[in-house]
Amino acid sequence: MTEIFSFDIFDTLLTRLVIEPTEIFRICGDRALQFGWIKFSSETFRNIRINAERQSRLFYEGGEVSLDEIYREIANTLEIDLEIVDKLKKLEIEVETEYLVAVPTAHQLVEKARRSHPHVLFLSDMYLPADFLEERLKQHGFWQEGERLYLSAQCRKSKGQGDLFLQVLEDLRLSPQALVHTGNSKHTDVDKPKSLGVRSIGFNDANPNRYESILQKYSHNTNGITSLWAGIARYTRLTRDAKSNKEAVLRDIAASVAAPILTAYTIWILQQAKEKQLARIYFLARDGEILLKIAKELAPNIYPEVELRYLYVSRQALRMPGLTKINKAFWEWMFDDTDIFTIDSLLARMCLDRQSAQPIFEPLGYPCDRWQQNLSSKERLSLRSQLEKNEPLQELVLQVAKQKREVLKAYLQQEKMLDGQAFGLVDVGWRGSLQVSLENVFELFGTRMPVGFYFALDKPTGGLKHKGEAIAFFFNLNNSTGLRNDIDYRYVSAMEVFCAGCEGTTLDYALQPDNSVLPVLKHVNNQPALSWGLKPFQESVITFVRHLVERSPADFPLSMFSTISPKLLREALDELFLTFNNSPTKQEAEAFMDCPFFDDPNELYHFYWAMPFRLATVLKYAIARSAGITVHRNAWYEASLQVSSPHVKVLVPIAIAQRKLLQRLKKLVMSIKTRN
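Residue numbers 24 to 699, in the working numbering, belong to the letters of the sequence shown in order.
1. Examine the Cβ distances between the stretch 74 to 87 and the stretch 169 to 186 and report whether three or more of them are shorter than 8 Å.
2. Anyone know if the C-beta pair for residue 543 and residue 553 falls short of 7 Å?
3. Applying the criterion that 16 or more other CB atoms from any shown protein chain within 10 Å of the CB defines a buried residue, is residue 512 buried or exposed?
4. Helix, strand or coil: how does DSSP classify residue 255 here?
5. Mapping DSSP to helix, strand and coil, what is residue 361?
6. Beta-carbon within less than 8 Å of residue 191's beta-carbon, same chain only, minus the 5 sequence neighbours each way: which residues are those?
7. Between the stretch 584 to 603 and the stretch 231 to 241, can you find at least three pairs of beta-carbon atoms closer than 8 Å?
8. Quick check on residue 435: buried or exposed, where buried means 16 or more other Cβ atoms within 10 Å of its Cβ?
9. Comparing alpha-carbon positions, which option in 696, 654 and 584 lies nearest residue 295?
10. Would you report the Cα separation of residue 104 and residue 119, rounded to the nearest angstrom?
11. Within 10 angstroms of the Cβ of residue 180, are there 16 or more other Cβ atoms? Answer buried if so, exposed if not.
12. Using CA coordinates, which residue listed in 347, 342 and 394 is at the minimum distance from residue 364?
13. State the start and end residues of the unbroken beta strand (DSSP E) segment that holds residue 704.
14. My understanding is that residue 81 touches residue 150, with C-beta atoms under 8 Å, so please give their C-beta distance in whole angstroms.
15. Could you tell me which residues DSSP pairs with residue 171 in its beta bridges?
16. Residue 670 to residue 678, Cα distance in whole Å?
17. What is the rounded straight-line gap between the Cα of residue 324 and the Cα of residue 581?
18. Contact defined as beta carbons within less than 8 Å: I believe residue 111 pairs with residue 60. What is the distance between those atoms, to the nearest angstrom?
19. Does the beta-carbon of residue 488 have 16 or more other beta-carbons within 10 angstroms, so that it is buried, or is it exposed?
20. Cutting at 8 Å between CB atoms, please list the residues of its own chain near residue 377, excluding the five before and the five after it.
21. Do residue 52 and residue 39 have their beta-carbon atoms positioned less than 7 Å apart in this structure?
22. Identify, in the order they occur along the chain, each residue of the same chain with its Cβ nearer than 7 Å to the Cβ of residue 546, setting aside the five sequence neighbours on each side.
23. Assign residue 399 to one of three DSSP states: helix, strand, or coil.
24. By the 10 Å Cβ neighbour count, where 16 or more other Cβ atoms means buried, how is residue 298 classified, buried or exposed?
25. What does the alpha-carbon distance come out to for the pair residue 50 and residue 252?
26. Classify residue 540 as helix, strand or coil using the three-state DSSP reduction.
27. In chain order, what residues of the same chain have a beta carbon less than 7 Å from the beta carbon of residue 319, not counting five sequence neighbours either side?
28. Within its chain, find whatever has a CB closer than 8 Å to the CB of residue 587; leave out the 5 residues flanking it on each side and keep chain order.
29. Would you kindly work out how many angstroms separate the C-alpha atoms of residue 481 and residue 340, rounded to a whole number?
30. What residue from 396, 524 and 637 has the CA that sits closest to residue 704's CA?
31. Whose CA, out of 281, 328 and 445, lies closest to the CA of residue 314?
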């Protein structure tokens, strides 16, 4: 028996650059208002258009109506000139044409179907005219001569009721088993035809995922911007092939979560740089790597005059050159809390070699054979106390700092940072320590101070303050503004992952024979991140940005951000992030199991972001023998739980309850002792 294949059209073969179809009506309202055809808001027009369709369905068989009939009801409601009504109807057709794009993977389905039968059928519960849909199917490579289109508006029957399928079977004299229907709706394209004996295939690639649905939810608060961005995210994941299930998950997270967050942040940077008339923006390694790539795509449409540069820096490379005195901030940096802290890691921070350090550390009870041991919290405090009083060490450190300062000066001159022009620094966050270090040397070199652009800012440690301006996109605890009133470490770890770089960290600078300066990297490539899938992750982010630049219709030009702040998107982006962080799917958690997280500034070791919980650690936590359940302090708790063994998943809530009980008992005992 030869099978004939039929296909749904919308969100199966064709989809829109906005998620919710009624967004098309709001866009029509915007344009009509600009043209002077209506005198009320676009949102009012959207509601009128929705209600007109609902009302007109009352008068026709099966409740199926055409575009002409809908606009007849609009004419009745508005009581305006029929010429204007005709213009509004044609406008809707124009907007639909502009916003419709093909679902790339659907071409393969149609071509495969034609190998069974030379022609396919197209079925749609749709009010748009048949000739319009036929033209769009031709335009996007789906239609061939001799094929047939069945529309609910023409037949007064629908897929949802099932009678449209029965009409097809009757017209073509087919048995139900001879028809195979493919579509995205579980009810109308899968369950209903199946109930009639028609074989059905679900194809939901173009259905919005949960992140795109969140962006759509905020469309009314963002003047439709987040609906477009949701559509661009969908189009990005539809147009990028994935070589594995893991790569598909990373692609989807990059397109639907990371890209909107990073793009909004970068637009804000360019917007602010334009307002402040900065000549250059320096994107600081390595967080700035992906942000620079995004900025290069966006800048021609927002601030084409600005020069975008990449600056090889790191906490390690800058702290020492900027050091002119040993103070509290220095010691806090040296003893910055990390999961693994050894004498070797401390020497790396101080830029001291073993030979110079041996006479200092051995008398303190730390012979060379102990230098790779992880020091306990108590040992770290004791060592810091001794070193704070050690003058020979401090003199040695200041000598090293002076030498490194001269090389850093040559590097900054090479990068045009000391020429006196206004410039900005871009770093994700979180305390602006790189800016503080650079400002220390800027002060010594006698140049102007920068403007620092951050995703979010906490207050600098050690009582330090920025000498230049430091502003933030998401929240700024220095001036008590933004969406959060404390540093949210869930955002910290996620942004560190989203902004991971493909190269190793910068450790130092090397003066060359020709007086040029090259950065000294820990590794040429950040191999752990590349092995995880960083390259395709970044490529998906950039694909989103390119689609945003190239495919944004005239209703959403990037130039709109000269009058609309991207900060208006923050609530949508926040829910996007929290959904990803707080409730990852098992597939998402597994995709990040081998995502590296560098805890040490010199990258002497790394953990993984979503490491499974260990049974021994959970049991120790339950009896107060361990401070936490996660393998390391930056671990993604929710994802780690998802990828843990079934036994551990059962034990974790029990362990948490047990720990809370022990804490209450401890308080009770202390209270009794106090009263006695």
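Built from N, CA and C at the ideal position, the CB exists for glycine as well.
By the coordinates alone:
1. yes
2. no
3. exposed
4. helix
5. coil
6. 29, 144, 146, 173, 197 and 202
7. Contact check between the stretch 231 to 241 and the stretch 584 to 603: three or more CB pairs, one atom from each, fall below 8 Å, which counts as touching.
8. buried
9. Of the candidates 696, 654 and 584, the one whose C-alpha sits nearest the C-alpha of residue 295 is 584.
10. Their backbone Cα atoms lie some 23 Å apart in a straight line.
11. buried
12. 394
13. What is shown of the chain runs 24 to 699, which leaves residue 704 out entirely.
14. Wrong, their Cβ atoms sit about 14 Å apart, outside the cutoff.
15. 144
16. 12 Å
17. 6 Å
18. 6 Å
19. Flag for residue 488 reads exposed.
20. 370, 391 and 394
21. Not in contact: residue 39 and residue 52 (Cβ atoms no closer than 7 Å).
22. 527
23. coil
24. exposed
25. 15 Å
26. strand
27. 331
28. 246 and 248
29. 22 Å
30. The structure shown does not extend to residue 704, since the chain is modelled only from 24 to 699, so the question has no answer here.
31. 281
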